[in-house]
Structures are given as C-alpha cells and as structure tokens.
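First residue of the sequence shown? That's 1 in UniProt numbering, and the numbers climb one at a time after it. Even for Gly, the Cβ is constructed at its ideal location relative to N, Cα and C.
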Amino acid sequence: MAAECVKVVVRCRPMNERERDLTCHAVITMDSSRGQCFIRKPEAPEETPKQFTFDGAYYTEHCTEQIYNEIAYPLVEGVTEGYNGTIFAYGQTGSGKSFSMQGVLHPPTQRGIIPRAFEHIFESIQVHRQNTKFLVRASYLEIYNEEIRDLLGEDTKKKLELKEHPEKGVYVKGLSLHMVHRVSECEKIMETGWKNRSVGYTLMNKDSSRSHSIFTINIEIYENGEDHLRAGKLNLVDLAGSERQSKTGATGERLKEATKINLSLSALGNVISALVDGKSKHIPYRDSKLTPASTYVQILGSEVAAVSPHPQEDPAHSVNPQQVLARYVYVIIACAEPCDVSHAPHFSVYKAAPRQG
Numbered sequence: 001m002a003a004e005c006v007k008v009v010v011r012c013r014p015m016n017e018r019e020r021d022l023t024c025h026a027v028i029t030m031d032s033s034r035g036q037c038f039i040r041k042p043e044a045p046e047e048t049p050k051q052f053t054f055d056g057a058y059y060t061e062h063c064t065e066q067i068y069n070e071i072a073y074p075l076v077e078g079v080t081e082g083y084n085g086t087i088f089a090y091g092q093t094g095s096g097k098s099f100s101m102q103g104v105l106h107p108p109t110q111r112g113i114i115p116r117a118f119e120h121i122f123e124s125i126q127v128h129r130q131n132t133k134f135l136v137r138a139s140y141l142e143i144y145n146e147e148i149r150d151l152l153g154e155d156t157k158k159k160l161e162l163k164e165h166p167e168k169g170v171y172v173k174g175l176s177l178h179m180v181h182r183v184s185e186c187e188k189i190m191e192t193g194w195k196n197r198s199v200g201y202t203l204m205n206k207d208s209s210r211s212h213s214i215f216t217i218n219i220e221i222y223e224n225g226e227d228h229l230r231a232g233k234l235n236l237v238d239l240a241g242s243e244r245q246s247k248t249g250a251t252g253e254r255l256k257e258a259t260k261i262n263l264s265l266s267a268l269g270n271v272i273s274a275l276v277d278g279k280s281k282h283i284p285y286r287d288s289k290l291t292p293a294s295t296y297v298q299i300l301g302s303e304v305a306a307v308s309p310h311p312q313e314d315p316a317h318s319v320n321p322q323q324v325l326a327r328y329v330y331v332i333i334a335c336a337e338p339c340d341v342s343h344a345p346h347f348s349v350y351k352a353a354p355r356q357g
C-alpha cells in the first residue's frame, strides 16, 4: 500500500482581482495529460521554461471534484478500512490552499476536499453498518507562534504540550476528542474551530491563516465476529502560507508570525529531507512544534501545495516546498498561481518532482 499512498499533483488557480488589476501575465502552463507543469521567466521569455513532473497537473479549468475523485478518494476509502491518511494544504500565502481544502458551496463541483471527505466517510459507514460498528471522533488543533492550542477546547487560549508514549508515540496532552455521528456534526465542529483560528491581514492575503491547523477524524471499526478493533485516522492539515516577508508588508506581530511560520515550514522540510535521505542518524524533530506534531498525525497521505503565477509573487519560492515534500510518503496536491513571479537566483537547481508508481 505504501507505493499507492504516494501521489504528487499540482493545481494552478486562476488569477485573482488584484493580479488582474496589476495586469499580471501568466508564466505557468500545464500539460495535464502528462502531469507536467512549466514555469517561464518573464524577464527571459526566450529561455526554455523549467519543467516539473507530477502524478497529476490540474490547471485553472479543473474542479475540486475531479481532484478529489482521482487523488483523495482512494486515501479516504483506506481510512474507512483502518489505515491512516493525511491530506496537506501547502504553499505560498494566497495561492489557493484553503479553496482546495474548504471550497465553496456553489458551484457544487468546487466543494472542497474536506466536506467531500466527511460525506465519503459517513456514506461508507452507512453501507457497512449492518455487520460493522463504528466509533467516529474528531479533534482540531492549531500551532500558532510555536504554541499548540485546542480549537475545540473549553479554553482555546490554553497552551498544550506534546508528549511521547512508549507505545502510542507522540500525542498532544489534553487535546479534546468529540464524538460525531453525521456530516453536519463534523461541519459544525470544524466551523467552530475555524472561527477560533489565528488569521491576519497581509498585503498578499487579507484573511491569511497565521497558524498551522490539524483536523483529525479517528475511526474505530469493530466487525461482528472479530475479537479486535481496527482503527483509521484521517488528518486534514492546513499549513500557514509560506511567504517572503518583503512581499507581505509584515510588521510587528505580523512579522513575528511570518518568521515563526517560515521557520517551522523550513524545519518540516529538514525533517522530511532527513527521512528521505535514509543516511541521517539524527532526525531534527524538535526544531519546531510543527515537526513533532507532524509525527503525531502520522503523515501517510496527501498534500496540497500551492504556487503563484505572477510577477509580484515568486514561483521559485512557491514551488520549492513541494520539491522537498514530493519525495515523502504521501500525496501532494500543489496549488499554483498562474502569473508572473520574480525568480530566486537558485531557481535553476530545482529538480522535477518524481512520478510515483
């Protein structure tokens, strides 16, 4: 199953109003049939565009429904059978991570991965409930400025601690679990937690998430005639947007948040690189609260990464994280912005993400 768990896809969003007002020009093109993404330098149009190859490439005309059916569906189905899976949203601020994960009600084809996963889980339970008993519980935590908070707790400002158990592994002490019986209950507690998240205005996104969040659905499965339980876990992770501080207008508290966000994302990349390398004797889990928390959710699923398409943004900066994460054992859905982006000097050393299986 490990090979089947590894999927890397990229999604490019349409230009937003700000980009259109700035008369930005698209620098990203895709060949969806081959899973390829091409990024050209706007200042050097004669140069051959940089090519990145993924397990899937979804351009602006593709809807979330298609991405879910092709990428997320097998992962969520596995969770209902007792496996662990994780779906990540990763990318630059404003690149479409939350749109892919949360989505919109209309049109129905653009409903997000999260509400689709909720429906999928409870539809599966309905199909198998005659001979099987299910216990479904949910939790929702936030990592803000390197502090862990329970978004569904009685005191959402209380700092929680990561602990390690010899058998259970890493866990969050005091994190509340909430029993859910239907889709509407999942949606309600997610909405409650979402309202408690830390958001703030930046020049790149007026409602930018300033924290990482992990919404987890735990499923215990007991089949009649069996003397043991099976347990599955679906982690829905929304990482705060990576960003260049000079582009966001960040000062004061926003600057502190941005610094913490970028440091934790960098630490996560270092952990994944060390795990992939296989030669590192030391895995730097403790460099950030995000990295042991990633151990807590048992990353074995899919990721949504986001990229930007215009001159004021930075495609190189935007794509770089997915280069690291593409090598790890989960699906990456990368969200990209389609317009011109200033290129970092080390852009030429980027490698195409490997196509799995």
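For Glu-61, the secondary structure class from DSSP, reduced to helix, strand or coil, is coil.
According to DSSP, residue pairing for Asn-145 in a beta bridge does not occur. Here the alpha carbons of Pro-107 and Glu-19 stand approximately 23 Å from one another.
In the DSSP assignment, Leu-234 falls within the beta strand (DSSP E) that extends over 230-238.
Looking at Val-8, Glu-142, Leu-162, Ile-121, the one whose alpha-carbon comes closest to that of Thr-156 is Glu-142. Taking the Cα of Pro-49 as reference, the smallest distance to any Cα among Gly-56, Asp-55, Val-27, Thr-60 is reached at Val-27. The three-state reading of DSSP puts Arg-20 in helix, counting H, G and I together. Around the beta carbon of Leu-160, 16 or more other beta carbons lie within 10 angstroms, which makes this residue buried. Residue state for Ser-211 is assigned as coil, using DSSP reduced to three classes.
The beta carbon of Met-101 lies closer than 8 Å to those of Ile-87, Ala-89, Gly-112, Ile-113, Ile-114, Leu-236, Asp-238, Val-304 in the same chain, with the five residues before and after it left out. Residues of the same chain with a CB within less than 8 Å of the CB of Tyr-171, apart from the 5 flanking positions on each side, are Leu-162, Lys-163, Glu-164, His-165, Tyr-296 in chain order. Distance between Glu-123 and Val-79, taken at the CA atoms: about 13 Å.
Pairing Tyr-58 with Tyr-73, the inter-Cα distance amounts to about 16 Å.
The straight-line gap separating the alpha-carbon atoms of Thr-216 and Glu-167 is approximately 20 Å.
Between Asn-69 and the set Thr-60, Glu-81, His-120, Glu-46, the nearest pair of CA atoms involves His-120. Counting along the chain, Lys-163 sits inside the beta strand (DSSP E) bounded by residues 161-165. Closest in alpha carbon position to Asp-150, among Lys-133, Asn-84, Ile-189, Asn-16, is Ile-189.
A distance below 8 Å separates the beta carbons of Arg-13 and Ser-95. Judged by DSSP secondary structure, Phe-118 falls within the alpha helix (DSSP H) whose first and last residues are 113-128.
In chain order, Leu-151, Thr-156 place their CB closer than 7 Å to the CB of Asn-196, counting only its own chain and leaving out the 5 sequence neighbours on each side. At a Cβ-Cβ threshold of 8 Å, Gln-51 and Gln-36 count as neighbours. Annotation for Lys-41: no beta strand (DSSP E) segment contains it, and DSSP assigns it neither H nor E. Put simply, of Pro-42, Phe-38, Val-9 the residue whose alpha carbon is nearest the alpha carbon of His-25 is Pro-42.
Rounded to whole angstroms, the gap between the alpha carbons of Pro-45 and Met-15 is 20 Å. Asn-224 places its beta carbon less than 8 Å from that of Asn-131. In the DSSP annotation of this structure, the continuous segment of the beta strand (DSSP E) that includes Met-30 starts and ends at 28-31. In the DSSP assignment, Lys-50 falls outside any alpha helix (DSSP H) and within the unbroken beta strand (DSSP E) covering 50-53. Only buried fits Arg-116, as 16 or more other CB atoms lie within 10 angstroms of its CB. For Arg-11, the closest alpha carbon among the candidates Glu-191, Ser-98, Lys-173 is that of Ser-98. In the structure shown, Asn-131 falls within a coil segment according to DSSP collapsed to helix, strand and coil. It is roughly 43 Å from the alpha-carbon of Glu-61 to the alpha-carbon of Glu-154. Closest option to Val-76, judged by alpha-carbon separation, among Phe-118, Ile-39, Glu-47: Phe-118.
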